[in-house]
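Undergrad: In my numbering, the protein residues as written are 582 to 693.
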């Protein structure tokens, strides 16, 4: 059930991220997926591929845990919890790049 929910959230995130105007091209890519565990309510996750524009999706495993991200940098992020000392979680890291396109289109309504 958790995998289905994670897949649904991921698909929804991709659809939202790709909804762009015609002046830009958006490219989304999964940088990493994995599993980690909090130790004393903190866990630092290192990125294998450094990026400055990424999103992190977190899913607790086994028990409910209030997870949140702090200390996000281009090569790592820190996950913390106020509710539990040790919790396992899965993560998906998505990178989004936007390339803007210059258009030769001239709006004729503005010329008149």
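Where is the CB? At the ideal position from N, CA and C, for every residue including glycine.
The ligand GDP and residue 583: does any heavy atom of the ligand fall closer than 7 Å to the residue's C-beta?
TA: Looking for the ligand GDP in the displayed structure turns up nothing, as the structure carries no ligands at all.
Undergrad: Distance, Cα to Cα, residue 633 vs residue 656?
TA: Spanning the two alpha carbons is a distance of roughly 8 Å.
Undergrad: Looking only at DSSP bridge pairs, what is residue 615 linked to?
TA: BP columns for residue 615 point to 672.
Undergrad: In three-state terms, what does DSSP make of residue 584?
TA: In this structure, residue 584 counts as helix in the three-state DSSP scheme.
Undergrad: Using 8 Å for Cβ pairs, my map puts residue 639 next to residue 672. What's the rounded Cβ distance?
TA: Sure, about 6 Å apart at Cβ, within 8 Å.
Undergrad: Identify the residues that DSSP records as bridge partners of residue 631: which are they?
TA: Answer is none; residue 631 lacks a bridge partner.
Undergrad: Tell me where the beta strand (DSSP E) around residue 651 begins and ends.
TA: Here the beta strand (DSSP E) through residue 651 covers 648-651.
Undergrad: When we look at the beta-carbon of residue 649 and count the other beta-carbons within 10 Å, is it buried (16 or more) or exposed?
TA: The residue is exposed, with fewer than 16 neighbouring Cβ atoms inside 10 Å.
Undergrad: With distances taken from CA atoms, which of 679, 665, 674 and 677 is nearest residue 619?
TA: Among 679, 665, 674 and 677, the Cα nearest to that of residue 619 is on 665.
Undergrad: For the putative contact between residue 584 and residue 622, defined by C-beta atoms under 8 Å, what is the C-beta separation to the nearest angstrom?
TA: Not really, about 26 Å apart at Cβ, beyond 8 Å.
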